[in-house]
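Asks: Residues are numbered in the working numbering as their position in the sequence shown, beginning at 1, plus a constant of 575.
The structure's right below; bear with me while I get my questions together.
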Amino acid sequence: MTAEPRPFRVEIPDSDLDDLRDRLARTRWPDEPPGDGWGAGVPLGYLRQLADYWGTGFDWRAQEARLNALPQFTTEIDGQAIHFLHVRSPEPDALPLLISHGYPSSVVEFLEVIGPLSDPRAHGGDPADAFHLVVPSLPGFGFSTPVREPGWDLARTTAAFAELMGRLGYDRYGAHGGDIGAGVSGALGAAHPAHVTGVHTTSDANGVAVGEMFGFPIPDDLSQADLARVEEQRQRWADMKAYLDLQSTRPQTLAYSLTDSPAGQLAWIAQSFKEWTAASAELPEDAVDRDQLLANVSIYWFTRSGASAARFIYETAHAAADWGAADDGGWEEPTASVPMGLALFGGDDLLRKVMDPDHKLAHWTEYDRGGHFAAMEVPDLLVGDLRTFFRELR
């Protein structure tokens with residue numbers, strides 16, 4: 576691996592596909608008390624059905640071809656292999672945009688928005704809104720593996736992505752992301768204001784309670800009705816955050832299950848897609864395309880990155896100065912030099928009362944549709960919001 580970006584193709588061996596199918600067919604399923612639903616975790620009946628489709632009906636080669644239709648590269652930064660999509664717009668005046676994913680996600684999350692963002696002319700949009708797109712895999716996620724040394728946390732990743740944009744010749748660019756990607760985007764704006772023209776992040780209906788956990792206190796002047804809504808979020812988040820507690824404290828213990836059992840990896844990710852997508856979705860595939868969801872899970876499985884992705888969360892959790900931005904919507908104090916915008920999907924005005932009561936952000940939008948994985952759930956809304964935010968910053 577060298578610093579010079581090299582073309583990359585996804586080429587999973589047939590033997591890995593055979594191994595996946597064999598392991599799924601031989602899964603030792605647990606017993607399940609009747610009537611639990613999703614309250615105690617992913618229901619047995621649901622996961623068996625999804626695992627059966629993954630093993631017998633899902634077409635990985637079609638998803639692989641979809642990825643390989645996009646220009647992909649790898650480079651070495653700070654001793655780590657970094658994989659990224661680099662989709663240049665046909666519009667010569669397009670604005671470079673770094674898009675960073677979160678957990679448990681991958682570059683697959685953005686497949687539906689890449690075309691409209693890079694070539695709006697071909698998708699019924701204004702060519703003046705075009706972007707050159709750089710979409711990296713976080714270190715330890717997907718094809719940015721293996722991780723050969725400790726210390727790959729949010730801050731080190733931010734520095735690596737800034738280096739990546741410089742290597743590609745982009746001196747001025749925007750940054751977008753949700754979840755960990757929001758933390759990276761916010762940190763880029765804070766550390767490199769001369770290069771980052773604007774920071775756009777996303778959040779969802781759990782934003783208030785998650786933000787409170789990572790250092791953003793609830794204001795004293797909220798109404799009793801708003802305080803009741805805060806308490807509802809606290810209770811909901813308390814029921815959801817077991818994944819975070821385990822990965823930030825004992826990731827290696829979890830690593831064996833995620834690496835050895837595809838059913839275990841599938842359940843671990845499906846749980847998040849159930850709880851973090853739109854509240855109206857009864858099942859994960861009611862919110863996101865089932866094949867796109869399984870393409871995301873497959874990347875974790877084939878690259879064995881369930882373990883190293885968990886380790887990323889552990890490393891960031893133990894770098895206390897940076898962890899606050901990693902999963903709370905990417906919040907940084909708004910600055911005059913780097914305009915910031917936030918799109919809230921499936922939430923309400925409560926988040927702004929907590930995070931931006933003085934309306935310092937340059938852009939704030941609330942949508943009643945979508946959730947945590949906006950690029951997969953409501954790609955049209957996200958594309959429109961990105962175009963609107965960056966239109967005045969080009």
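We put the CB at the ideal spot given by N, CA and C, even for glycine.
This structure is a prediction, so every number in the text was calculated from the model and none was measured.
Which residues in the same chain have their Cβ closer than 7 Å to the Cβ of residue 856, if we skip the five residues on either side of it in sequence?
Replies: For this step, residue 856 is matched to residue 281 along the sequence shown. The beta carbon of residue 856 is closer than 7 Å to those of 862 in its chain, skipping five residues each way along the sequence.
Asks: Name the residue from 622, 588, 584 and 608 whose alpha carbon lies nearest to the alpha carbon of residue 838.
Replies: In the sequence shown, residue 838 corresponds to position 263, counting from 1. Cα-wise, what sits closest to residue 838 is 622.
Asks: Tell me whether the beta-carbon of residue 647 lies closer than 8 Å to the beta-carbon of residue 870.
Replies: Residue numbering aside, residue 647 sits at position 72 when the sequence shown is read from its first letter. Residue numbering aside, residue 870 sits at position 295 when the sequence shown is read from its first letter. Going by C-beta atoms, residue 647 is not nearer than 8 Å to residue 870.
Asks: Between which two residues does the alpha helix (DSSP H) holding residue 889 run?
Replies: As a working mapping, residue 889 is identified with position 314 in the sequence shown. Note, residue 889: alpha helix (DSSP H), 880–892.
Asks: Does the separation of the CB atoms of residue 661 and residue 649 fall below 8 Å?
Replies: As a working note, residue 661 is residue 86 in the sequence shown. As a working note, residue 649 is residue 74 in the sequence shown. Not in contact: residue 661 and residue 649 (Cβ atoms no closer than 8 Å).
Asks: Indicate whether residue 845 and residue 617 have their beta-carbon atoms separated by less than 8 Å.
Replies: The sequence position of residue 845 within the sequence shown is 270, counting from 1. The sequence position of residue 617 within the sequence shown is 42, counting from 1. For residue 845 and residue 617, yes; Cβs fall inside 8 Å.
Asks: Would you call the segment 955–968 in contact with the segment 822–840, where contact means no fewer than 3 C-beta pairs closer than 8 Å?
Replies: no
Asks: Between which residues of its own chain and residue 612 is the CB-CB distance below 8 Å, once the five residues before and five after are set aside?
Replies: Within the sequence shown, residue 612 is the residue found at index 37, counting from 1. Closer than 8 Å at the Cβ level, and outside the excluded window around residue 612, lie 618.
Asks: Is it buried or exposed, residue 866, if we count other Cβ atoms within 10 angstroms and call 16 or more buried?
Replies: Residue mapping note: residue 866 aligns to position 291 of the sequence shown, counting from 1. Here residue 866 is buried: its Cβ has 16 or more other Cβ atoms, across all protein chains shown, within 10 Å.
Asks: Return yes when the Cβ of residue 930 is within less than 8 Å of the Cβ of residue 791, no when it is not.
Replies: Numbered from its first residue, the sequence shown carries residue 791 at position 216. Numbered from its first residue, the sequence shown carries residue 930 at position 355. Yes.
Asks: Specify the secondary structure class of residue 818 as computed by DSSP and reduced to three states.
Replies: Stepping through the sequence shown from its first residue, residue 818 is reached at position 243. Three-state DSSP puts residue 818 in a helix.
Asks: For residue 960, count neighbouring C-beta atoms within 10 Å of its own C-beta (all shown protein chains included) and say buried if the count is 16 or more, exposed if not.
Replies: Residue 960 sits at position 385 when you count from the first residue of the sequence shown. By the 10 Å Cβ count, residue 960 comes out buried.
Asks: How would you call residue 772, buried or exposed, if buried means at least 16 neighbouring beta carbons within 10 angstroms?
Replies: Within the sequence shown, numbered from 1, the residue matching residue 772 stands at position 197. That one is buried.
Asks: Is there contact between the segment 728–735 and the segment 676–689, where contact requires at least three CB pairs shorter than 8 Å?
Replies: no
Asks: If you follow the alpha helix (DSSP H) that residue 583 is part of, which residue opens it and which one closes it?
Replies: Taking the sequence shown and counting its residues from 1, the one referred to as residue 583 is at position 8. Here residue 583 belongs to no alpha helix (DSSP H), and DSSP marks it neither H nor E.
Asks: Return the chain-ordered list of same chain residues with a C-beta closer than 7 Å to the C-beta of residue 801, the five sequence neighbours on each side being excluded.
Replies: Here the question's residue 801 lines up with position 226 in the sequence shown. Hits under 7 Å: 925 and 928.
Asks: So the beta strand (DSSP E) residue 675 belongs to, where does it begin and stop?
Replies: For the purposes of this step, residue 675 is identified with residue 100 of the sequence shown, where counting begins at 1. Where residue 675 is concerned, the enclosing beta strand (DSSP E) stretches over 670–675.
Asks: How long is the line joining the alpha carbons of residue 942 and residue 784, rounded to whole angstroms?
Replies: Here residue 942 refers to the residue found at position 367 when the sequence shown is read from its first residue. Here residue 784 refers to the residue found at position 209 when the sequence shown is read from its first residue. Using only the alpha carbons, I get a separation of about 19 Å.
Asks: Assuming residue 948 contacts residue 680 under a Cβ cut-off of 8 Å, what Cβ separation, rounded to an integer in Å, is found between them?
Replies: Taking the first residue of the sequence shown as 1, we reach residue 948 at position 373. Taking the first residue of the sequence shown as 1, we reach residue 680 at position 105. With 8 Å as the limit, residue 948 and residue 680 qualify as a contact, their Cβ atoms being about 7 Å apart.
Asks: Go ahead and pull the three-state DSSP assignment for residue 642.
Replies: Residue mapping note: residue 642 aligns to position 67 of the sequence shown, counting from 1. Helix, per DSSP.
Asks: Is the beta carbon of residue 713 sitting closer than 8 Å to the one on residue 887?
Replies: Numbered from its first residue, the sequence shown carries residue 713 at position 138. Numbered from its first residue, the sequence shown carries residue 887 at position 312. Contact check for residue 713 against residue 887 passes: the beta carbons are separated by less than 8 Å.
Asks: Pick from 952, 738, 884 and 601: whose alpha carbon is nearest that of residue 770?
Replies: Position 195 of the sequence shown, counted from the start, is the residue given in the question as residue 770. With distances taken between CA atoms, residue 770 lies nearest to 738 out of 952, 738, 884 and 601.
Asks: Any contact between the segment 666–684 and the segment 701–712? By contact I mean 3 or more CB pairs, one from each, below 8 Å.
Replies: yes
Asks: Just how far apart, CA to CA, sit residue 673 and residue 957?
Replies: What you label residue 673 is simply residue 98 of the sequence shown in a count that begins at 1. What you label residue 957 is simply residue 382 of the sequence shown in a count that begins at 1. Near 15 Å, if we compare the C-alpha coordinates of residue 957 and residue 673.
Asks: Under 8 Å, do residue 880 and residue 716 count as touching if we go by C-beta distance?
Replies: Mapped onto the sequence shown, residue 880 falls at position 305. Mapped onto the sequence shown, residue 716 falls at position 141. For residue 880 and residue 716, yes; Cβs fall inside 8 Å.
Asks: Residue ranges of each alpha helix (DSSP H) run of no fewer than 4 residues wholly in the segment 840–884, ordered along the chain?
Replies: 859–862 and 865–878
Asks: With a CB to CB cut of under 7 Å and the five nearest residues on each side skipped, what residues in its chain are close to residue 678?
Replies: Along the sequence shown, read from residue 1 onward, the residue named residue 678 stands at position 103. So the qualifying residues of the chain are 754, 755, 884 and 888.
Asks: Quick one: residues in its chain with C-beta nearer than 8 Å to the C-beta of residue 626, no 5 flanking neighbours on either side, listed in chain order?
Replies: Here residue 626 refers to the residue found at position 51 of the sequence shown. Within the same chain, residue 626 has close Cβ partners 599, 602, 837, 838 and 841.
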